[in-house]
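Undergrad:
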Ligand SMILES: *Cc1c(COP(=O)(O)O)cnc(C)c1O
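Residue numbers (the working numbering): 2 to 342.
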């Protein structure tokens with residue numbers, strides 16, 4: 002057993018097939034005991050519920066090596082419970098939380114050689130997901146489901162430093178007020194593809210979505226939550242029932258209050274007040290924080306003065322503290338760093 006010989010520093014974010022994955026089937030009202038398998042293929046009916054009516058939810062987290070060469074992941078119980086919430090909203094049978102964490106551990110242990118070396122910046126991305134698998138043609142929930150976990154190594158998110166990005170206010174909406182924006186479901190991404198392709202064509206890295214009801218309040222981007230730093234150096238986090246509850250963002254809230262002594266406010270954030278903020282970041286598992294330097298609102302530019310050329314000072318402290326905790330260089334709250342091997 003030896004870590005795979007790969008050009009870790011130059012790896013991108015693409016699927017690479019690894020050795021093992023986890024599968025459990027739901028049939029006759031219960032989940033089976035689950036298994037690790039070599040088989041990366043899913044065989045299903047042409048009429049499977051997921052193919053017809055998109056009944057599928059997913060999670061995303063990472064495993065990585067700490068300085069003392071332990072393999073760990075970050076707060077996996079939160080992914081487990083968020084997937085239960087996602088499943089319930091789509092009328093799917095929740096996969097038990099303890100079994101979710103166990104499945105993640107099993108797949109990482111079965112692919113240990115694929116966990117990139119400490120310091121390479123690369124990580125092992127873990128993708129748990131589940132979907133309706135039996136034939137469904139009349140619109141209703143499936144009766145049989147499959148839960149799977151695969152892993153794939155991904156390269157460093159920022160190659161050569163985190164340069165602030167420019168994003169745009171989208172003309173499309175992401176999530177209706179009482180819709181599915183708060184769950185992690187493929188359906189939220191399917192409908193965002195046209196919006197992100199359009200943003201990229203126009204030269205922007207991401208979309209800022211507004212609340213569809215009034216189009217005055219900040220929601221999030223396609224796959225990351227916002228954080229803002231106000232004129233007093235405190236953290237302001239948009240609050241809405243249709244924002245996906247990012248684990249990174251929730252962790253940054255704690256880090257800001259308990260490690261950096263910042264005041265943190267979660268509240269509705271108006272598009273019209275963004276001009277008063279000093280820094281802006283996007284948070285999610287992939288990048289931890291991507292700094293945003295500018296937001297284009299139909300030709301009008303909102304510039305974040307402290308984070309325009311490079312990651313702003315408060316964002317930097319948040320980033321360094323959270324990644325320090327994740328990498329085991331700094332003591333984090335109980336249970337945040339979850340040892341696997
Ligand atoms: C996954 C996701 C995030 C980030 O959540 P993390 O738990 O921090 O990875 C943010 N927004 C959306 C829409 C997402 O799907």
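Beta carbons are placed, not taken as given, at the ideal position from N, Cα and C, and that holds for glycine.
Predicted model only: the values in this text are computed from it and were never measured.
(1) Can you find a heavy atom of ligand 1 that lies under 8 Å from the Cβ of residue 285?
(2) Any heavy atom of ligand 1 closer than 8 Å to the beta-carbon of residue 247?
(3) In angstroms, rounded to a whole number, what distance separates the CA positions of residue 140 and residue 132?
(4) Rounded to whole angstroms, what's the CA-CA distance from residue 170 to residue 40? Just pull it up for me.
(5) Beta strand (DSSP E) containing residue 64: first to last residue?
(6) Taking only runs that begin and end inside the stretch 95 to 121, name each unbroken alpha helix (DSSP H) of 4 or more residues, in chain order.
(7) For the beta strand (DSSP E) containing residue 133, list its first residue and its last residue.
(8) Is the separation between the beta-carbon of residue 81 and that of residue 109 shorter than 9 Å?
(9) Are at least three pairs of beta-carbons, each pair with one atom in the stretch 252 to 270 and one in the stretch 291 to 303, less than 8 Å apart?
(10) Taking Cβ positions, are residue 284 and residue 227 nearer each other than 9 Å?
(11) Measure the Cβ-Cβ separation of residue 59 and residue 84 and say whether it is below 9 Å.
(12) Determine, using beta carbons only, whether residue 159 and residue 288 come nearer to each other than 9 Å.
(13) Assuming the contact rule is C-beta atoms closer than 8 Å, residue 201 and residue 243 should be a hit. Round their C-beta distance to whole Å, please.
(14) Regarding residue 208 and ligand 1, is the C-beta to nearest heavy atom distance less than 8 Å?
(15) What are the uninterrupted segments assigned as beta strand (DSSP E) that are 3 or more residues long and contained completely in the stretch 163 to 195, given in chain order?
(16) Is the closest heavy atom of ligand 1 to the C-beta of residue 221 under 8 Å?
(17) Would you check if the distance between the CB atom of residue 271 and the CB atom of residue 303 is smaller than 9 Å?
(18) Report the partner residues of residue 291 according to the DSSP bridge assignment.
(19) Alpha carbon to alpha carbon, how far is residue 53 from residue 213? Give it in angstroms, no decimals.
(20) Of the residues 86, 73 and 78, which one's Cα is nearest the Cα of residue 118?
(21) Do residue 222 and residue 211 come within 9 Å of each other at the CB atom, strictly closer than that value?
(22) For residue 25, list the residues DSSP reports as bridge partners.
(23) Do residue 19 and residue 135 come within 9 Å of each other at the CB atom, strictly closer than that value?
(24) Label residue 138 either buried or exposed according to how many other C-beta atoms from any shown protein chain fall within 10 Å of its C-beta, with 16 as the threshold for buried.
(25) Regarding residue 250 and ligand 1, is the C-beta to nearest heavy atom distance less than 8 Å?
(26) Identify the residues that DSSP records as bridge partners of residue 221: which are they?
(27) My assumption, with CB atoms under 8 Å, is that residue 157 sits in contact with residue 123. Please give the rounded CB distance.
(28) Give a yes or no on whether the C-beta atoms belonging to residue 294 and residue 165 are separated by under 9 Å.
(29) I think residue 186 touches residue 57, with their Cβ atoms under 8 Å apart; what is that distance to the nearest whole Å?
(30) Does the CB of residue 77 have a neighbour CB from chain C at under 9 Å?
(31) Specify the secondary structure class of residue 296 as computed by DSSP and reduced to three states.
(32) Given a cut-off of 9 Å on the beta-carbon distance, is the pair residue 37 and residue 107 in contact?
(33) Please give me, in chain order, every unbroken run of the beta strand (DSSP E) with length at least 3 that falls completely inside the stretch 201 to 270.
(34) Could you spell out the range, first to last residue, of the beta strand (DSSP E) harbouring residue 324?
(35) Put residue 37 into one of helix, strand or coil per three-state DSSP.
TA: In brief:
(1) yes
(2) Remark: the C-beta of residue 247 is in contact range of ligand 1, defined as less than 8 Å to any heavy atom.
(3) Cα to Cα, the separation comes out at about 15 Å.
(4) 42 Å
(5) 62 to 66
(6) Residue ranges of uninterrupted alpha helix (DSSP H) with 4 or more members, entirely inside the stretch 95 to 121 and ordered along the chain, are 98 to 111.
(7) 124 to 133
(8) no
(9) no
(10) yes
(11) yes
(12) Yes.
(13) In fact, because the Cβ distance is near 24 Å, the residues do not count as touching under 8 Å.
(14) no
(15) 166 to 170
(16) yes
(17) Not a contact, by the Cβ cut-off of 9 Å.
(18) Beta-bridge pairing links residue 291 to 283.
(19) Between residue 213 and residue 53, the C-alpha separation is close to 27 Å.
(20) 73
(21) no
(22) DSSP lists 148 as the beta-bridge partner residues of residue 25.
(23) no
(24) exposed
(25) yes
(26) 226
(27) 6 Å
(28) yes
(29) 7 Å
(30) The structure shown has no chain C; it contains just one protein chain.
(31) strand
(32) Going by beta carbons, residue 37 and residue 107 fall inside the 9 Å limit.
(33) 226 to 230, 236 to 239 and 265 to 268
(34) Note, residue 324: premise wrong, no beta strand (DSSP E); alpha helix (DSSP H) at 314 to 327.
(35) Residue state, collapsed to three classes: strand.
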